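Q: Residues in the sequence shown are numbered consecutively from 1141, following our numbering. Can you read through this structure? Questions will come right after.
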Amino acid sequence: EAIMNWVWHAPPRLCWRNGVASRLGRTFCIPASTAAPATPLPAAAGVPASASAAASARVRELRGFWAELGLPHGPSLRLARLAASEGTAWSRPDVLRSRLAALRAELPSLPLPLLLSDAPGLLLYRPRRLREKLDALRDLLPAADLLRLVRRAPDMLSRDMAKLEDRLAALGGLEGADAPTLAAEHPRLLREDAAMLRERVAVLRRAFSPTLLRRVPRDRLALLLTFPPDRLSRLEYLSAVYPGVRGHVGDLRLVRMKTHLFRKAY
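Here you go:
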């Protein structure tokens, strides 16, 4: 699952210590983009300079390919560098054009920069495999607006569908809640560990009756499901010990409260 889920990190930072500051344990850093250009490193031992130059030229060529498609400089450079580090389809513009055409045919209104920033690994799927993933996601969430879902979370298509099904089943333990609709509107829940979701669901079932659970807005319920079980257990505790507190203070405020403040108050 992680193989297809690329994440772009913030620009690297260059750090150094000087004579006085290092004794104080301080490190001064500047963004790499503002630093003076580094002197090019010589080719690695055993690697001809011509091979290194050819790789650099290939990256420049592929960066131009992505730039022509409208990608900003940063994403186009990162995708071009995948050709050097990963090889395979990333280094073949003809294959990339074919995969992009398949994506556009299946997801016509999905913005290309969004797709390639959040889930570039989808380009490694052959057209048939892409359709299989889309069909599996439709079967899992039949009432969902699939295009809207993928727009909000393109990485859903690159995830293991068996794991998504397990996470959806965990959400189904919430009596009175429409788990497929909840997951479609808040796909981040399908990124959570299934065992952890089951723990959170179990606590919420003890903290809410099925009737009350049906009245909780889905946005609020989805947010509650992102808190750890020990925070959610506060609601169960207060229902038993101080029944009126939850209605007066509010569930979200109670689970967000710092531990020492909660213990002091209740």
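Glycine included, every Cβ here is placed at the ideal spot set by N, Cα and C. Values in this document were obtained by computation on a predicted structure and should not be read as measured data.
Any idea what DSSP makes of Ser1249, helix, strand or coil?
A: Taking the first residue of the sequence shown as 1, we reach residue 1249 at position 109. Coil, per DSSP.
Q: My understanding is that Leu1322 touches Arg1358, with C-beta atoms under 8 Å, so please give their C-beta distance in whole angstroms.
A: On the sequence shown, residue 1322 is found 182 positions in, with the first residue counted as 1. On the sequence shown, residue 1358 is found 218 positions in, with the first residue counted as 1. Yes, they are in contact, since the Cβ atoms of Leu1322 and Arg1358 sit about 5 Å apart, within 8 Å.
Q: With DSSP as the reference, label Ser1349 as helix, strand or coil.
A: Taking the first residue of the sequence shown as position 1, residue 1349 is located at position 209. Coil at Ser1349, not helix or strand.
Q: Count the other CB atoms within 10 Å of the CB of Arg1203; is the residue buried (16 or more) or exposed (fewer)?
A: Walking along the sequence shown from the start, residue 1203 turns up at place 63. Burial call: buried.
Q: Are the region 1258-1268 and the region 1282-1300 in contact at 8 Å, needing three or more beta carbon pairs?
A: Segments in contact, yes.
Q: With a 10 Å radius around its C-beta and 16 neighbouring C-beta atoms as the bar for buried, classify His1388 as buried or exposed.
A: The residue you call residue 1388 lines up with position 248 of the sequence shown. By the neighbour-count rule (16 or more Cβ atoms within 10 Å), His1388 is not buried but exposed.
Q: DSSP three-state call for His1326: helix, strand or coil?
A: For the purposes of this step, residue 1326 is identified with residue 186 of the sequence shown, where counting begins at 1. Coil.
Q: Between the alpha carbons of Ala1276 and Leu1314, how many angstroms are there, rounded?
A: For this step, residue 1276 is matched to residue 136 along the sequence shown. For this step, residue 1314 is matched to residue 174 along the sequence shown. Computed Cα separation, rounded: 23 Å.
Q: Rounded to the nearest angstrom, how far is the Cβ of Val1343 from that of Leu1361, given a contact under 8 Å?
A: Here residue 1343 is taken as the residue at index 203 of the sequence shown, counted from 1. Here residue 1361 is taken as the residue at index 221 of the sequence shown, counted from 1. Their Cβ separation, rounded to whole angstroms, is 13 Å, which puts Val1343 and Leu1361 out of contact at 8 Å.
Q: Identify whether Pro1267 lies in helix, strand or coil by the three-state DSSP scheme.
A: For the purposes of this step, residue 1267 is taken as residue 127 along the sequence shown, with counting starting at 1. Looking at Pro1267 - three-state DSSP - the assignment turns out to be helix.
Q: If you draw a straight line from the C-alpha of Leu1311 to the C-alpha of Ala1197, how long is it?
A: Within the sequence shown, numbered from 1, the residue matching residue 1311 stands at position 171. Within the sequence shown, numbered from 1, the residue matching residue 1197 stands at position 57. Whole-angstrom Cα-Cα distance: 50 Å.
Q: Please report the residue range of the alpha helix (DSSP H) in which Ser1373 lies.
A: For the purposes of this step, residue 1373 is taken as residue 233 along the sequence shown, with counting starting at 1. It spans Pro1369 to Val1381 - the alpha helix (DSSP H) in which Ser1373 sits, taken as one unbroken run.
Q: Is the beta carbon of Asp1300 less than 8 Å from the beta carbon of Ala1334?
A: As a working note, residue 1300 is residue 160 in the sequence shown. As a working note, residue 1334 is residue 194 in the sequence shown. No. Outside cutoff.
Q: Taking only the alpha-carbon atoms, compute the straight-line gap between Arg1269 and Trp1206 and give it to the nearest angstrom.
A: Residue 1269 sits at position 129 when you count from the first residue of the sequence shown. Residue 1206 sits at position 66 when you count from the first residue of the sequence shown. Going by the C-alpha atoms only, they are around 23 Å apart.
Q: Just confirm the distance between the C-beta atoms of Leu1364 and Leu1337, as a whole number of angstroms; I'd bet it's less than 8 Å.
A: As a first step, residue 1364 is located in the sequence shown; it is residue number 224 there, counting from the start. As a first step, residue 1337 is located in the sequence shown; it is residue number 197 there, counting from the start. Leu1364 to Leu1337, Cβ: 12 Å. No contact.
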